[in-house]
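Residue numbers (UniProt numbering): 1 to 91.
First comes the structure, then the notes that go with it.
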């Protein structure tokens with residue numbers, strides 16, 4: 001399965017959701033999700049690599065100043081889709 005992502009030119013490119021590492025975004029931050037380390041529900045599981053450090057999805061939303069939304073799966077994006085949508089199909 002894949003979802004659409006964007007490249008630097010603004011066009012969409014498919015994101016391979018079966019890849020072992022996926023680019024994720026939250027607010028202004030861009031990081032890498034290690035899918036083999038993500039275990040549902042995963043909110044406290046260190047699986048996101050940010051600046052060489054593995055942190056949890058909750059910590060990722062805190063660092064992106066999105067923790068007030070209380071919906072971490074809705075705040076973290078993989079390509080153009082939020083993690084809630086992707087998680088329901090793949091993770």
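Ideal placement from N, C-alpha and C gives every residue a C-beta, glycine not left out.
Quiz item: What span of residues does the alpha helix (DSSP H) with residue 59 cover, start to end?
Solution: 57 to 63
Self-check item: C-alpha gap between residue 35 and residue 69, whole angstroms
Solution: For residue 35 and residue 69, the distance between alpha carbons rounds to 23 angstroms.
Quiz item: Taking only runs of the beta strand (DSSP E) that begin and end inside the UniProt domain "SAND" (12 to 86), which ones reach a length of at least 3 residues, in chain order?
Solution: 12 to 16, 21 to 26, 29 to 34, 48 to 50, 53 to 55
Quiz item: Are the beta-carbon atoms belonging to residue 78 and residue 17 less than 9 angstroms from one another?
Solution: yes
Quiz item: Of the residues 22, 43, 14, 37, which one's Cα is nearest the Cα of residue 58?
Solution: 43
Quiz item: Whose C-alpha, out of 41, 65, 32, 37, is nearest the C-alpha of residue 51?
Solution: 32
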